[in-house]
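For reference, each letter of the sequence shown is one residue, going 1 to 321 in the UniProt record's numbering. C-beta atoms are modelled at their ideal positions from N, C-alpha and C, and glycine is treated no differently. Okay, so here's the structure we're looking at.
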Amino acid sequence: MKNFALIGAAGYIAPRHMRAIKDTGNVLVAAYDKFDSVGIMDSFFPEASFFTEQELFDRHCTKLKRLGQNIDYVSICTPNYLHDAHMRYGLRLGADVICEKPLVLNPWNVDALQEVEKETGHRIYTILQLRLHQSIIDLKKKIENGPKDKIYDVDLTYITSRGNWYYTSWKGDVHKSGGIATNIGVHFYDMLQWVFGPVKTNIVHVCTHDRAAGYLELEKARVRYFLSINAECLPENAVQGEKRTYRTINIDGEEFEFSVGFTELHTESYKHILRGEGFGIEDARNAITIVYDIRHAEPIGLKGDYHPLAKMPLSKHPFGW
Numbered sequence: 001m002k003n004f005a006l007i008g009a010a011g012y013i014a015p016r017h018m019r020a021i022k023d024t025g026n027v028l029v030a031a032y033d034k035f036d037s038v039g040i041m042d043s044f045f046p047e048a049s050f051f052t053e054q055e056l057f058d059r060h061c062t063k064l065k066r067l068g069q070n071i072d073y074v075s076i077c078t079p080n081y082l083h084d085a086h087m088r089y090g091l092r093l094g095a096d097v098i099c100e101k102p103l104v105l106n107p108w109n110v111d112a113l114q115e116v117e118k119e120t121g122h123r124i125y126t127i128l129q130l131r132l133h134q135s136i137i138d139l140k141k142k143i144e145n146g147p148k149d150k151i152y153d154v155d156l157t158y159i160t161s162r163g164n165w166y167y168t169s170w171k172g173d174v175h176k177s178g179g180i181a182t183n184i185g186v187h188f189y190d191m192l193q194w195v196f197g198p199v200k201t202n203i204v205h206v207c208t209h210d211r212a213a214g215y216l217e218l219e220k221a222r223v224r225y226f227l228s229i230n231a232e233c234l235p236e237n238a239v240q241g242e243k244r245t246y247r248t249i250n251i252d253g254e255e256f257e258f259s260v261g262f263t264e265l266h267t268e269s270y271k272h273i274l275r276g277e278g279f280g281i282e283d284a285r286n287a288i289t290i291v292y293d294i295r296h297a298e299p300i301g302l303k304g305d306y307h308p309l310a311k312m313p314l315s316k317h318p319f320g321w
């Protein structure tokens with residue numbers, strides 16, 4: 001049984017990590033978040049110590065270590081821009097780290113973290129749960145076993161509606177979240193390059209506060225993508241069904257179905273990590289580079305091969321920015 005500490009216990013994704021810790025037969029001994037809306041802990045680890053100040057959390061973790069109760073893993077569910085600092089903290093505490101995606105916002109941060117891994121002798125693992133989805137594993141095998149010179153045409157559409165709160169939160173600040181492509185798209189980009197190979201060309205057609213559309217030429221695919229948090233972009237059939245999320249991948253004119261089987265993938269990720277088979281820093285590098293390049297590209301507008309939804313009228317920022 002391993003001891004875990006959790007940073008970012010009040011976050012949206014934290015309960016999946018708590019469940020994964022519990023379902024793998026381990027224990028959460030300490031948790032930290034500046035916000036105290038963490039009643040969800042009662043469902044998993046009511047005995048865990050909880051802190052709203054980093055200094056007190058650190059003192060407690062250090063005390064446990066001194067008493068021989070080492071923390072084996074630190075799980076991180078904090079805002080994207082804090083991942084780097086919190087991963088460094090976990091490594092220097094003498095623990096391995098499990099961090100939500102994106103690990104970092106900039107490619108050079110990957111190199112720096114690898115140096116800290118060497119210094120401390122501990123590892124950083126990331127959650128790339130789509131790589132563990134059976135449908136996507138099967139797709140990767142199909143592509144690998146298909147014609148070596150075939151280039152696939154892929155359309156990725158992902159619309160996940162968010163209210164005005166999004167823009168007030170850290171997620172609405174591109175310097176903290178990395179923007180739309182990073183915040184809601186990084187795991188899709190990782191999956192696509194994992195299945196179809198590395199990026200050759202990265203073109204951005206549209207990139208605003210609520211959407212990103214562009215074109216990726218991968219080793220084995222031409223990918224048009226459209227990502228948005230604006231409910232106005234939802235297709236009619238999704239609106240009629242009162243769904244707030246629309247997710248589809250079309251490969252050579254055929255719908256690729258992977259909408260089920262998501263619920264237990266964090267637990268599967270933890271199982272892999274605990275067996276020493278988790279995804280490390282280097283596995284995350286390509287997707288981090290893709291979203292960094294998207295964030296810093298100059299959108300070219302509706303030129304070339306763009307996703308059909310890129311033509312939708314742009315919307316104003318809800319706060320008039």
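>> Can you list, in chain order, the residues of its chain with a C-beta nearer than 8 Å to that of Asn183? Leave out the 5 residues immediately preceding and following it.
In response: Asn80, Lys171, Ser177
- prompt: Taking the continuous beta strand (DSSP E) assigned at Glu254, which residues delimit it?
  reply: 254-256
Limits of the beta strand (DSSP E) - the one that residue 322 falls within: Outside the displayed span of the chain (1 to 321) sits residue 322, for which this structure offers no information.
Beta-carbon separation of Asp153 and Arg222 under 7 Å? yes
Item to complete: Under the assumption that Ile288 contacts Pro107 (Cβ atoms under 8 Å), give the Cβ distance between them as a whole number of angstroms.
Response: 6 Å
Measuring alpha carbon to alpha carbon, tell me which residue in Gly146, Arg211, Phe57, Tyr292 is nearest Ile180.
Arg211
### Task
Would you kindly report the start and end of the unbroken alpha helix (DSSP H) that includes Arg162?
Run containing Arg162: none; DSSP gives neither H nor E here.
Q.
Just to confirm my understanding: we take Arg280, look at its own chain, exclude 5 residues before and 5 after, and list those with CB closer than 8 Å. What are they?
A. Here residue 280 turns out to be Gly, not Arg, going by the sequence shown. These residues qualify, in order along the chain: Arg123, Ile124, Tyr125, Thr126.
(Q) When you compare the region 88-108 with the region 139-159, are there three or more beta-carbon pairs, one atom per stretch, that lie closer than 8 Å? (A) no
Query raised in the report: Mind checking His296: buried by the 16 CB within 10 Å criterion, or exposed?
Result: exposed
| Pick from His60, Gln69, Asn109: whose alpha carbon is nearest that of Asp84? | Asn109
Check your understanding: Lys140 by DSSP, collapsed to three states: which one?
Key -> helix
Check your understanding: Does the region 36-50 touch the region 68-82, meaning 3 or more C-beta pairs lie closer than 8 Å?
Key -> no
- Task: Return the first residue and the last residue of the alpha helix (DSSP H) that Asn109 is part of.
- Result: 107-120
- Rounded C-alpha distance that separates Leu28 from Lys34: 18 Å
Residue burial classification, Leu105 (beta-carbon count within 10 angstroms, cutoff 16) = buried
TODO: Tell whether a beta-carbon distance below 7 Å holds between Val204 and Leu218.
DONE: no
Open item on the list: Going by beta-carbon coordinates alone, are His187 and Leu130 separated by less than 7 Å?
Closed with: yes
Beta-bridge pairing of Phe50 - partner residues as DSSP gives them: Ala31
| query | How many angstroms separate the CA atom of Asn286 from the CA atom of Pro147? | reply | 24 Å
**Request:** Measure how close the beta-carbons of Leu128 and Asp190 come, nearest whole angstrom, since I'm counting them as under 8 Å.
**Result:** 6 Å
Problem - Coil, strand or helix - Phe188 by DSSP - result: helix
For this session: Counting only the same chain and skipping the five closest in sequence on each side, list residues whose C-beta sits under 6 Å from that of Thr245.
Result: Thr160
query: At least one CB of chain C closer than 7 Å to the CB of Asn80: is that the case?
result: In summary, chain C is missing from the structure at hand, where a single protein chain is found.
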